[in-house]
Amino acid sequence: MLAWYDANKRTLPWRDDPSPYHVWLSEIMLQQTRVEAVREYYARFLAALPTVEALAAADEDVYLKLWEGLGYYSRVRNLHKAAGQIMTECGGEMPRTAAELRKLAGIGPYTAAAIASICYDERTPAVDGNLLRVFARMTGYAENIKADPAKRAAEVYYMDIFPAERCGDMNQALMDLGATVCLPNGQPLCDQCPWATYCAAHAGERETDYPVAAAKPQRRVEQRTVFLIYYGQRIALRKRPDKGLLAGLYEFPNASGRLTREEALSYVESLGFSAVRIRPLDPAKHIFTHREWHMTGYEVLADEWEEFRDGKPRDHELFLAPAADLAETYSIPSAFAAYQAAIRTDYLG
Ligand code: SF4
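Using our numbering, read the sequence shown as starting at 1110 and increasing by one per residue.
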């Protein structure tokens, strides 16, 4: 496997200089995102925040903006929190063992094992989806691969066969094998696999029967109506609550349900806007892990905004943003990408 890795390893930016910070950042970015998409984000993030110290000192809006489009924002919040822990509790040095790394925010068993093995050659398998799939096919593992026992069984399997040295390379070899040869969907490329002789699934020509996975739970479908409200050459934005879905990010005002034009007008009025024009926008869909948003939208031109009622703001989190701030300051999650793309810049100053 190591010989195969030496000849076939992927060229990845974080492999050029595998400092603990670089490996950590790349592994967190890669958790829910394809390698190709991560490259650009990784370079941009490091250019802005080149050290753990810089990340720990960064403002929320700065690191959220650098993450914009990657989704799963709790990942970057935890990165920032863990950077603070490293500066205050670890003397500015990242811990060197998987057990210590796991005490940091957002670092689970997989990420801890990846950092400790790649940076410090700790003999510990980093069991992610790739290593699970290779394990399931190599051994003909017939239980649900998503369940905890599968992970433990994979760890035991790999601990048995891991070398005494180059454990970081071994983990990366298996990650690369899973990504480029023992492919997740469809037929793996067994004729290129250095372990083909020992593989149970390959011997029985049952490669695509593994891994066995239980059916995914159904996602909940939610209808939402999104509003692009223009007033005084600015557009209405709202900060989401600090907890829950898309916490602390910025959004266009939106309401639950698929609102008719009349309902949409009364919603806009409830925010204090007087609409001079309202026009429907195309529907859009966004898929989260456990839910789907099926959205429709309206573009609204307003000629008045009564921000306050009885001396109090109608909506404490609502404000108006000019076009420049929209691009540079506020992180709008990709759930709203279709509506962000529909913004009429000619309406903005
Ligand atoms: S022989 Fe095929 S199925 Fe088995 S581990 Fe290699 S690529 Fe995967």
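Note that beta-carbon positions come from the ideal geometry of N, C-alpha and C, so glycine has one too.
{"Item": "Cβ-Cβ distance between E1358 and R1349 below 7 Å", "Value": "For the sequence presented, residue 1358 should be read as Leu rather than Glu. Cβ atoms of L1358 and R1349: closer than 7 Å."}
{"Item": "Same chain, Cβ closer than 8 Å to A1225, five either side skipped, listed in chain order", "Value": "R1205, T1206, A1207, L1210, E1231, T1233"}
{"Item": "Reference G1341; option with closest CA among T1454, Y1307, R1423", "Value": "T1454"}
{"Item": "The ligand SF4 site residues, beta-carbon cut 6 Å against heavy atoms", "Value": "V1243, R1246, M1247, V1290, C1291, P1297, C1299, C1302, W1304, A1305, C1308, A1310, H1311, E1316"}
{"Item": "Close beta carbons around Q1194, own chain, < 6 Å, minus the five adjacent residues each side", "Value": "L1213"}
{"Item": "Residues that DSSP places opposite W1402 in a beta bridge", "Value": "E1331, H1395"}
{"Item": "For E1316, the nearest candidate out of I1387, D1412, T1405, P1297 (CA to CA)", "Value": "P1297"}
{"Item": "Span of the alpha helix (DSSP H) around K1174", "Value": "1169 to 1176"}
{"Item": "Rounded straight-line distance, which links the Cα of A1324 to that of D1257", "Value": "16 Å"}
{"Item": "Coil, strand or helix - S1135 by DSSP", "Value": "helix"}
{"Item": "Residues near Q1281 in its chain [Cβ-Cβ closer than 8 Å; skip 5 each side]", "Value": "Y1114, K1118, R1124, I1227"}
{"Item": "Three-pair Cβ contact test at 8 Å for the stretch 1290 to 1310 versus the stretch 1423 to 1431", "Value": "no"}
{"Item": "Whether I1441 touches V1409 by CB criterion (7 Å)", "Value": "no"}
{"Item": "Anticipated Cβ contact below 8 Å, E1413 with S1375, distance rounded", "Value": "So it is not a contact: roughly 16 Å between Cβ atoms."}
{"Item": "Cut-off 8 Å between Cβ atoms - residues of its own chain near H1189, not counting five sequence neighbours on either side", "Value": "L1164, A1165, A1167, E1169, Y1172"}
{"Item": "First and last residue of the uninterrupted alpha helix (DSSP H) at L1283", "Value": "1276 to 1289"}
{"Item": "CB-CB length for V1243 against G1287, believed under 8 Å", "Value": "5 Å"}
{"Item": "Classification of F1417 by the beta-carbon crowding that lies within 10 angstroms, buried from 16 upward", "Value": "exposed"}
{"Item": "Spatially closest choice to L1337 from P1431, R1246, P1127, D1300, by CA coordinates", "Value": "P1431"}
{"Item": "Neighbourhood of A1393 by C-beta, 6 Å cutoff - its chain only, sequence neighbours within 5 removed", "Value": "M1404, A1447"}
{"Item": "The alpha helix (DSSP H) enclosing I1270, as first and last residue numbers", "Value": "1257 to 1270"}
{"Item": "Beta-carbon proximity list for G1178, same chain, < 7 Å, skipping 5 on both sides", "Value": "S1443"}
{"Item": "Separation of R1184 from L1355, as counted between CA atoms", "Value": "11 Å"}
{"Item": "Residue closest to C1302, alpha-carbon to alpha-carbon, out of A1322, P1320, A1263, D1285", "Value": "D1285"}
{"Item": "R1261 beta carbon less than 7 Å from that of R1328", "Value": "no"}
{"Item": "Contact belief for L1283 with N1239 at Cβ below 8 Å, rounded distance in angstroms", "Value": "6 Å"}
{"Item": "Per DSSP, the bridge partner or partners of A1364", "Value": "T1334"}
{"Item": "Identity of the residue in S1379, M1268, L1121 nearest A1364 by Cα", "Value": "S1379"}
{"Item": "Ranges of the alpha helix (DSSP H) found wholly within the stretch 1161 to 1233, counting only runs of at least 4", "Value": "1161 to 1166, 1169 to 1176, 1183 to 1198, 1207 to 1210, 1218 to 1229"}
{"Item": "DSSP state of V1409 mapped onto helix, strand, coil", "Value": "strand"}
{"Item": "For R1453, three-class secondary structure by DSSP", "Value": "coil"}
{"Item": "Spatial distance of A1112 from Y1182 (CA atoms)", "Value": "38 Å"}
{"Item": "Cβ shell of H1131 (< 7 Å), same chain only, five flanking positions each side left out", "Value": "W1123"}
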